[in-house]
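For reference, the structure is listed below as structure tokens.
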Amino acid sequence: MSLELIFFLVLALASVVTAFGMLLSRNAIYSALYLVMNFITVAIFYLMLGAPFIAMAQITVYAGAIMVLFLFVIMLLGAERLPDTQVLPYQKWLARVLAFILVVETGYMLLVRGKPQGEIIPPEASANMVDSLREMGMTLFNEYLLPFEVTSVLLLVAMVGAIVLIRKDKKVG
Amino acid sequence: MIPINYYIILSAVLFTIGTLGVLTRRNALIIFMSVELMLNAANLAFVAFARAREIATGQPLFDGQIFVFFVIAVAAAEVAVGLALIVEIFKSKRSIDVDQMSSMKG
Amino acid sequence: MLFSEATPSGFFFLAPWLVFAPVIGLLINIIFGGRFSEKVIGTVASLASGASFIVSVLLAWSLAAGGGHAVSVPFAEWMHIGSLELDWTFRVDSLSTTMMLVVSGVGTLIHIYAIGYMHEDVRFKNDLGRFRRFFVFLNLFIAAMMILVSGDSYLMLFVGWEGVGLCSFLLIGFWYEMDTLGRPSWANSNAGNKAFITNRVGDFGFLIAGFIMFWAFGSFQFDEVFEAARTVAPGIIVAITLFMLIGVAGKSAQIPLYVWLPDAMAGPTPVSALIHAATMVTAGVYLVTRSAELYMLVPQAQYIVAMTGAVTALFAATIAVGQYDIKKVLAYSTISQLGFMVAAVGMGAFVAGMFHLVTHAFFKALLFLSAGSVILGLERGHHHLAHAQHDDHGKGRKGKKDSHHEDEVFDPGDMRNMGGLRKTMPVTFWLYMIGTLALAGIFPFAGFWSKDEILADALKEGFTGVYWLLSIAAFFTAFYMGRQIWMVFFGEARHEAAAHAEESPRVMTVPLMVLAFLSVVGGALNLPGMHTLTLWLEHTIEVHAGEFVMSVAVISTLLALAAILLSWFIYGRDPLKAGQPDPLKKPLGFLFTGMENKWFVDEGYFAIVIGPFKRISQFLADVIDWRFWHDFVHDTVIAGAYNWFSNIALNRYADQQGIDAFANWLGSATKSLSATMRRVQNGFVRSYALSVLLGVVLIVGYLILK
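Protein chains in written order, with the numbering used here: chain U, 6 to 178; chain W, 2 to 107; chain R, 248 to 953.
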């Protein structure tokens, strides 16, 4: 067991635990905070996989902007907790059974059927240099220029949509 | 030296936890967060596969990262609109319990 | 000739306008005519026909300038099937332009005349709306006739041939719901049917000729047919020409198919003049002339054609003597004159035949139109009289108005009602006189030259029998025309209407004057020694100049003069009184009865052909079709079996217990299934998500187990 692997396992454990924390917290604010922690562990995985830009984006956009927005809305609505109801009693158990089956199936598919070969080695120091980042920028703005622009339009549409949904209906006339 | 399988299994577990969140929680906001978790699981798989390929070919490969970048952008847009919708629903129903929103039934 | 140098190809490109000018005219009248006044409708139609005439003149001029060589103007591709290539091509040669000039020229004059005639006719018959219809039909006729004469192949000719037949039918039955006297009856439409059906018999012959032609030569195009005809057995040519003769007999009213033409007088008089005297009926003569090269190859067929024409000429002339209706006399006269033409072209005297065709178009149109003028004059007098009587009655006894008058049916076309019209209708009288002299063949009128050329050619070609038949026919011609003149215009009025007859308006008399002028000078077309028409037609058909034989001319003139003198002796010296029988009746006895009743040909046809035909049809319809086929086979055998089968097998078992039950089961199954399924749609988003997950698990499971 190398140090790396130990680090990975600890981190993976943290990731799973925080994910379960999000799933099981009765208070929505705790859920959100668990999710932030989960995102941070995933960001560290990105760094281990030699993707520093994505790691940074993950932390700023997801853990920062999006989750802050979530917390903001939760607190705005005062919807930390919901009263218990007896609707759909079978839902929870059925979901757990199916999720378990899904994990088993996926594991079988990956480990028994797919058998992906390969080891992830830690990235060289150069991967975190500016050159690598520039190359990724070149790829993004050359090969993926059109999707990039489409994404920008999508963001604009989302912005306009959010504004239209939230604003108060003005009485016309 | 971490086998890629580990990453993939981690991704699958996170994805399933997200799925469970969507299916078992009634709070619309937590359902939303679970969806974000599922997206993250997928992103992790993307980057891990890309890295494995990079190591196998010895050539730098950014496509996986760029896809994740797009996913993050789309997720941001989704959250903006989704939260706006939830706020609107809360305004009319005084609740964000998805089970309350069951008027569309046969 | 500077102009022609500037336009070396001439005006041949205008050829399609021969057809399209009248078509445009009739379209204008159909579409906009409802808003036009009668004058505008008539003017449009006349201009359309006139445009056709102008095009004909330009074509003839271009042809003359170009040396008379035939020109083909391709217009449209009709159909190409295998080796058969049928195109709509206009053929401009001296023969077709001659016909074009006659048709459009005389046609235009008759259009103008018809403006005046129909104006009154629609008023006497009380249906103003038909004025427009008449001119539409008239223009359609001009278009069809132009297709006929300008066609480059037998098939195009046939298209026009059928087209004019249709127009003839439409116009004979123009007042379809009445008879010639305006009483409600189907007489006029029956006359139209008779013409159409009789022509159908003739067209059948033409079609057979066409089929043989295609079978033997593989083409319908004139030049190609003539080229190929030289190489085949004469038997085939005989068959073609004789079958064609049936068509000619139908269209040009020759024995045995002439019977429709006298009945065709049911149409308005301009129609009788245009279609049933001047143009359409000459189509047969044109056809024979066009096929000159075929007929020249087979003297046997030529002889039959010539004899048919000659016998018809004499036969019809004798019937004309016994007729009382002014138009019927002219109708039989037309048949007789057509006999002259057919005899001429049958003998190979194509120029003489065409010459007579042209002059006959002039003077027979003149005679018919003048007869129309006479009839309208009597109608006017009758109308006048009715009003006067009506006033008298109105003064005398109130309530029952002119009952006497409505009981009596007045026939304005009956010569026994006429007499003394010389004084009341002087213009018409003189015009009629000119037409009569031209028809009788008196020097120097047009008919003299053309008829003499036929007679001279008959002698020269060795057809002595034909010569004598035609000479006797010419004698009869002069006699019945003299009889008509004396009965109509001389003596005393035998009916009050005749005494009060009124002259026709200028729009009718002016075209008549033009025709009269042409009837006087028409002979100049082919004067002996000059042979203008001969030289003109030489470009198209092989002809030789006819010689002027003094003895023939003298004999025929003497015969004509004698006939007129005889008619004066019988009808002029001691004019007919009202109610008196024809003075010929007593001396001729049963012969006159035969003439009067058209030698009972119609009755004979009825007894021999139509009666048995009807009985067979009746038998077939009643016994075979209705009783056997319908009642027994259909109703009893087929319908019975079918009913049994459908009732027992299909209805009870297959339908009710099979298909019906299945359909009902399907319905109730769907109903209960949906009642169950709708519970799935519970409105909870999470259950829907759960079902998606279930789907994912199942699909992945399937992938694993696969």
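The beta-carbon is built from N, C-alpha and C at its ideal position, and this holds for glycine as well.
Using beta carbons (cut-off 9 Å, strictly below), is residue i in contact with chain R?
i: U:T111; result: yes
i: W:M102; result: yes
i: U:M114; result: yes
i: W:V14; result: no
i: W:M39; result: no
i: U:A104; result: yes
i: W:V82; result: no
i: U:R118; result: yes
i: U:L107; result: yes
Counting C-beta neighbours from all protein chains within 10 Å, is the total for residue i 16 or more, i.e. buried, or is it exposed?
i: R:L945; result: exposed
i: R:L342; result: buried
i: R:A590; result: buried
i: R:I963; result: Lying before the first or after the last residue shown, residue 963 of chain R is absent from chain R, which here runs from 248 to 953.
i: R:Y401; result: buried
i: R:D907; result: exposed
i: U:E124; result: exposed
i: R:A854; result: exposed
i: R:D399; result: buried
i: R:N373; result: exposed
i: W:A17; result: Per the sequence presented here, residue 17 of chain W reads as Thr, with Ala not at that position. Under this definition W:T17 is a buried residue.
i: R:I871; result: exposed
i: U:I11; result: exposed
i: R:E444; result: Note that residue 444 of chain R is Ile in the sequence shown, not Glu. Label assigned to R:I444: exposed.
i: R:I701; result: buried
i: R:E739; result: exposed
Name, in chain order, the residues that DSSP records as bridge partners for residue i.
i: R:M425; result: R:P431
i: R:Q468; result: R:S400
i: R:S319; result: R:R338
i: U:E124; result: W:P4
i: W:N28; result: W:D98
i: R:D572; result: R:D661
So with Cβ pairs under 9 Å, would you call residue i a contact of chain W?
i: R:L942; result: Position check: residue 942 of chain R holds Gly in this sequence, whereas Leu was assumed. Not one chain W Cβ lies under 9 Å of R:G942.
i: U:I171; result: yes
i: U:R101; result: yes
i: R:L937; result: yes
i: U:E154; result: no
i: U:P128; result: yes
i: U:P94; result: no
i: U:M53; result: yes
Can you find a C-beta in chain U that's less than 9 Å from the C-beta of residue i?
i: R:S934; result: yes
i: W:V58; result: According to the sequence shown, residue 58 of chain W is Thr rather than Val. Not closer than 9 Å to any Cβ of chain U, the Cβ of W:T58 fails to qualify, so no.
i: R:L950; result: yes
i: W:A49; result: yes
i: W:S93; result: no
i: W:A43; result: no
i: W:M105; result: no
i: R:V927; result: no
i: R:F959; result: Look at the range of chain R in this structure, 248 to 953, and you will see that residue 959 of chain R is not part of it.
Would the beta-carbon of residue i be found less than 8 Å away from any heavy atom of the ligand SAH?
i: W:V80; result: This structure simply doesn't include the ligand SAH, nor any ligand for that matter.
Quick one: which unbroken beta strand (DSSP E) runs of 3-plus residues sit fully inside the segment 324 to 411 of chain R? Chain order, please.
-> Taking only runs of at least 3 residues, the beta strand (DSSP E) segments lying wholly in the segment 324 to 411 of chain R are 331 to 339.
Whole runs of the alpha helix (DSSP H) within the segment 707 to 745 of chain R, excluding any shorter than 4 residues | 711 to 736, all fully within the segment 707 to 745 of chain R.
Are three or more beta carbon pairs between the segment 68 to 76 of chain W and the segment 153 to 172 of chain U nearer than 8 Å?
-> yes
Pairing CB atoms from the segment 625 to 632 of chain R with CB atoms from the segment 711 to 730 of chain R, are three or more of them under 8 Å?
-> no
Given 8 Å, three or more beta-carbon pairs between the segment 555 to 564 of chain R and the segment 449 to 457 of chain R | no
Decide if the segment 928 to 935 of chain R is in contact with the segment 98 to 106 of chain W; the criterion is three or more beta carbon pairs, one per stretch, under 8 Å apart.
-> yes
Given 8 Å, three or more beta-carbon pairs between the segment 744 to 753 of chain R and the segment 832 to 841 of chain R = no
Can you list, in chain order, the stretches of the alpha helix (DSSP H) that have 4 or more residues and sit fully within the segment 527 to 579 of chain R?
-> 530 to 537, 539 to 544 and 546 to 568
Okay, do the segment 520 to 531 of chain R and the segment 349 to 359 of chain R touch, 3+ Cβ pairs below 8 Å being the bar?
-> Touching, per the Cβ criterion.
Could you tell me whether the segment 586 to 605 of chain R touches the segment 655 to 664 of chain R, using the rule of 3 or more Cβ pairs below 8 Å?
-> no
Contact between the segment 693 to 709 of chain R and the segment 789 to 805 of chain R (3+ Cβ pairs under 8 Å) = yes
Can you find at least 3 beta carbon pairs, one from the segment 37 to 44 of chain U and one from the segment 63 to 82 of chain U, that sit closer than 8 Å?
-> yes
Three or more C-beta pairs closer than 8 Å, one from the segment 31 to 44 of chain W and one from the segment 96 to 112 of chain U: is that the case here?
-> Here the segment 31 to 44 of chain W makes no contact with the segment 96 to 112 of chain U; the two share fewer than three CB pairs at distances below 8 Å.
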